[in-house]
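The structure appears below as structure tokens.
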Amino acid sequence: REMLATGRWTVYDADGVEMTDDERPTVRARRTGRPVLGEVVGWRRPDGEMVRLRLSCIPDADADGDTVLAFTDVTAEERMLADLTRFQYLFQNANDIITVVDETGYALYSSPSTERVLGYPPGWHHPGGILAMVHPDDLGIAAAELALLMSGERGPEPFVVRVQAFDGEWRHVECMGANLLDEPTVRGVVITARDATE
């Protein structure tokens, strides 16, 4: 309704460049007699904000030059997708290791940085769980911290333990954790670790 009330409106392509009249989906549908389905275009609202619309234009064969136009505002969906893509890129290239473990300490997931920092190949998990990677002298600290995390009593303070890298070298890692066992999308304890050896 807002668009209709403003009269003629300007359409932008996927790169934000204004479309000529001939490039506009409604004009193309009328000119070719073929529907344009699901094309995403930009439209600048009267307040200046650019919104993204998924348009479908179907020329009406029984009416003189009329076109049936349906559109859905996909601005929020595209922003969410862009944010997700940005997050994925940052996550893939972060130096911090993010590991999700179950109630037994078995790693359900380790981020790609595990390979860069500790040398473990993607998807590799120690069969003995994460505690099996901890230096024997630090095992008591690690087990106590993991137990606190599992109980949900662990605060935000970091703790440092030594873990064995894939090449056998011991690395000091500073860890923080969050109990997300009750979070349906995670169902685990999330441990963030950074190399603190130096």
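All the letters of the sequence shown, read from the start, carry residue numbers 13 to 210 under the working numbering. Positions of the beta carbon are idealized from the N, C-alpha and C atoms, including for glycine.
| message | Give me, in chain order, the residues of the same chain whose beta-carbon lies closer than 8 Å to that of Ala41; leave out the 5 immediate sequence neighbours on both sides. | response | Pro47, Val48, Cys69, Ile70, Pro71, Thr79, listed in sequence order.
| query | For Gly164, which residues from the same chain have a beta carbon less than 6 Å from its beta carbon, with the 5 sequence-adjacent residues on both sides left out? | reply | Excluding the 5 residues flanking it on each side, Gly164 has same chain C-beta neighbours closer than 6 Å at Asn191, in chain order.
| field | Inside the region 116 to 196 only - beta strand (DSSP E) runs reaching at least 3 residues | value | Here the runs fully enclosed are 119 to 122, 171 to 176, 182 to 192.
| Looking at C-alpha atoms only, which residue of Glu35, Ala177, Val39, Ile203 is the closest neighbour of Trp136? | Out of Glu35, Ala177, Val39, Ile203, Ala177 has the C-alpha closest to the C-alpha of Trp136.
| For the ligand PLP, any of its heavy atoms closer than 6 Å to the Cβ of Thr38? | Among the components of this structure there are no ligands whatsoever, and the ligand PLP is therefore not found.
| field | Own chain, CB closer than 7 Å to Val211, minus 5 neighbours either side, in chain order | value | One cannot answer for residue 211 here, as it falls past the ends of the chain, which runs 13 to 210.
| task | Note down the Cα distance separating Arg13 from Arg206, rounded to an integer number of angstroms. | result | Reliability fails at Arg13, whose pLDDT of 40 lies under 50, so the model's placement of it is uncertain and no value is given.
| Residue range of the unbroken alpha helix (DSSP H) whose run includes Val39 | Its alpha helix (DSSP H) spans residues 37 to 44.
| request: Whole angstroms is fine: what's the gap from Ser125's alpha carbon to Ile109's? | output: Near 5 Å, if we compare the C-alpha coordinates of Ile109 and Ser125.
| said: My output table needs one value for Met31: the three-state DSSP class, helix, strand or coil. | reply: Met31 falls in the coil class under three-state DSSP.
| field | For Glu51, the residue or residues it bridges with in DSSP | value | Looking at the DSSP output, Glu51 sits in a beta bridge with Leu67.
| task | Answer with buried or exposed for Met92, where buried requires no fewer than 16 other C-beta atoms within 10 angstroms of its C-beta. | result | Under the 10 Å beta carbon count, Met92 is surrounded by fewer than 16 other beta carbons and is classified as exposed.
| Rounded to a whole number of angstroms, what is the C-alpha to C-alpha distance between Glu127 and Asp179? | So the two alpha carbons sit approximately 11 Å from each other.
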